[in-house]
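The structure appears right after this line, and notes come after that.
Protein chains in written order, with the numbering used here: chain A, 75 to 312; chain B, 779 to 1167.
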């Protein structure tokens, strides 16, 4: 396949008697934007957490840019250049927006560079008006953007986003989409999303999860018109 | 690098160092300084790295014992001085690595560190007899180790540091350690620690190895506690297992809570005030002094949940804010305008007054809202990372 950056083979995750992921195979090309969709409990988030190192899979292999990262801790995966945004905004509440972004930027740059990046990235995701405010005082939508800025500050070539549109207003969703397209100009993205409307607006290629397996892996229009996908979303048994 | 917020504490510290002997004797002040140093060590790891160690007394005791044992074996006091810092630091590095690489956190960490202190307490208590010797030093069980060489003036080994000179030496060390911690917290390392305290998961997703950073912070805290133990050993001229006791461990945490966790100055103040109160209470027999200290803790937690120091800072800031809103440039300009000879002079004056009361009401509402929304670590007003004043 062309320029494969992420390759997952036979990924299985067992929680006691529940098999959340069952022999999942997956591949992501360079600078690709891929959406993962599926009904509740389909295994999207578990798959995401395995990629991010937040869960250790029961079996299977994850290769990121040729490195076998299966069982790596999140900080090692992050150091490869992978930016991760969790479902619930995971930000440093007691610090200001600038300090949040600065800390992320400082990981792999000098102090002067990090200072500069804090301002420029805040401008890029349009939160430079609250740069010196404490994150806990911000509304949910802004906090989502702060987290996105943190992810960008690590200068990732692969970005994993878990439900970036959750809880956002229509205007904030527009802004989020702009930011995602911007990120996509030089990085690949894997986006877990529930909101089909949102997916339709940003996705090219969509992977549908169902009961821990990949149901279909197609172009967005084909996925949307696929009767199986509709049935899955309506809760019909296949 | 040595900006105002480093310089001022140093100057105030030096002034205090010379003023405090007017309040009480150097003998009492020396032990209070050792306590303050000990509180500072916990204030650093708990307030800034989020590690609640219930066994900080263990490192204090280890420092004191290390000094006593090394001093007896070596015969001169200065090498043991450094050993007293190094031994707890190394012990904490190994112990911390086990804890943090084992992903132990929060309450489990507190329990394990507490148990470690109790094990040391039990062990030291039962180390009487000829079998328990390290080199030529007998551990001495319940009676501890007396009769070791204490610190001397570095250039004159016959001149001992005791009483007043020991007090000045200890206080200078305290100022140095405080400033070093302030500088450290400004470094990327210190900022990363605060980041970990705020959100471990995020720090990890940023690529920080939180296990390593926490282990280093824990070890630095232990080194400072060891230094405090060394000062204590030189003051008491005997080390006993009581240094490792449960009471000692609990007391350190109380100092930090009462003084203000999340600041560096708070723990110092907490330790000095409570230590001195305990000393004064010890001179009377009317009321049990643990009862009074317990009351102080309960009242402090209820009335000053952020601690004494942050409360004082926020009061000072509020007063300063009121003072400055009275003479803000805008209101001065407005009052100048109102003095202009025109017909609307009265109106302008009236609206200005209304405006200024509104703005002061706004600012006080804002500051009280901030006080409420902040957690216990966030209220001495300074920017969060630099807040330990």
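All C-beta atoms, glycine included, are put in the ideal place defined by N, C-alpha and C.
Secondary structure in the region 183-234 of chain A: the alpha helix (DSSP H) runs of 4 residues or longer, each lying completely within the stretch, are 185-198 and 214-227 in chain order. Judged by beta-carbon spacing, residue 128 of chain A lies beyond the 8 Å limit of residue 263 of chain A, meaning their Cβ atoms are not closer than that value. CA-CA distance, residue 191 of chain A to residue 1095 of chain B, rounds to 32 Å. Separation of residue 1024 of chain B and residue 147 of chain A (C-alpha to C-alpha, rounded to the nearest whole angstrom) is 36 Å. Counting only the Cα atoms, residue 246 of chain A lies some 10 Å from residue 240 of chain A.
Contacts with chain B at 8 Å (Cβ-Cβ) do not include residue 271 of chain A. Nearest CB-CB separation between residue 169 of chain A and chain B: below the 8 Å threshold. Scanning A/276, A/93, A/184 and A/136 for the CA closest to the CA of residue 238 of chain A turns up A/276. Here residue 180 of chain A has 188 as same chain residues with Cβ atoms under 7 Å from its own Cβ, once five neighbours each way along the sequence are excluded.
Residue pairing for residue 258 of chain A: DSSP places it in no beta bridge. Sequence-distant Cβ neighbours of residue 84 of chain A in its own chain, meaning closer than 6 Å and more than five residues away, are 97 and 134. Shortest Cα-Cα distance from residue 1035 of chain B to any of B/828, B/797 and B/1085 involves B/1085. Residue 284 of chain A has A/287 as its beta-bridge partners, per DSSP. In this structure residue 131 of chain A is buried. Its beta-carbon is surrounded by 16 or more other beta-carbon atoms within 10 angstroms.
When C-alpha distances from residue 1019 of chain B are compared across B/1091, B/783 and B/924, the shortest belongs to B/924. Contact with chain B is absent for residue 119 of chain A, since none of that chain's Cβ atoms lies less than 8 Å from the residue's Cβ. Collapsing the DSSP output to three states places residue 82 of chain A in a strand. Proximity of residue 821 of chain B to chain A, defined by a Cβ-Cβ separation below 8 Å, is not satisfied. Close to chain B, meaning a Cβ-Cβ distance shorter than 9 Å, are the following residues of the region 118-152 of chain A: 126, 127, 128, 147, 148, 149, 150, 151 and 152. With the rule of 3 Cβ pairs closer than 8 Å, the region 936-947 of chain B does not count as touching the region 101-120 of chain A. The beta carbon of residue 1094 of chain B does not come within 8 Å of any beta carbon belonging to chain A, so the residue lies off that interface.
Contact between the region 990-1001 of chain B and the region 813-824 of chain B is established, with three or more Cβ pairs separated by less than 8 Å. Per DSSP, reduced to three states, the secondary structure at residue 298 of chain A is helical. In this structure, DSSP gives residue 166 of chain A a state outside helix and strand, which the three-state scheme calls coil. Looking at the DSSP output, residue 133 of chain A shares a beta bridge with A/86.
Listed in chain order, the beta strand (DSSP E) elements of length 3 or more contained wholly in the region 867-893 of chain B amount to none.
One finds nothing in chain A with a Cβ atom closer than 7 Å to the Cβ of residue 879 of chain B; even the nearest lies about 10 Å away. Considering only B/960, B/1048 and B/1072, the residue with the shortest C-alpha distance to residue 786 of chain B is B/960. Secondary-structure assignment with DSSP links residue 158 of chain A through a beta bridge to A/234. Under DSSP, no beta-bridge partner is assigned to residue 247 of chain A. Residue pairing by DSSP puts residue 924 of chain B in a beta bridge opposite B/1016.
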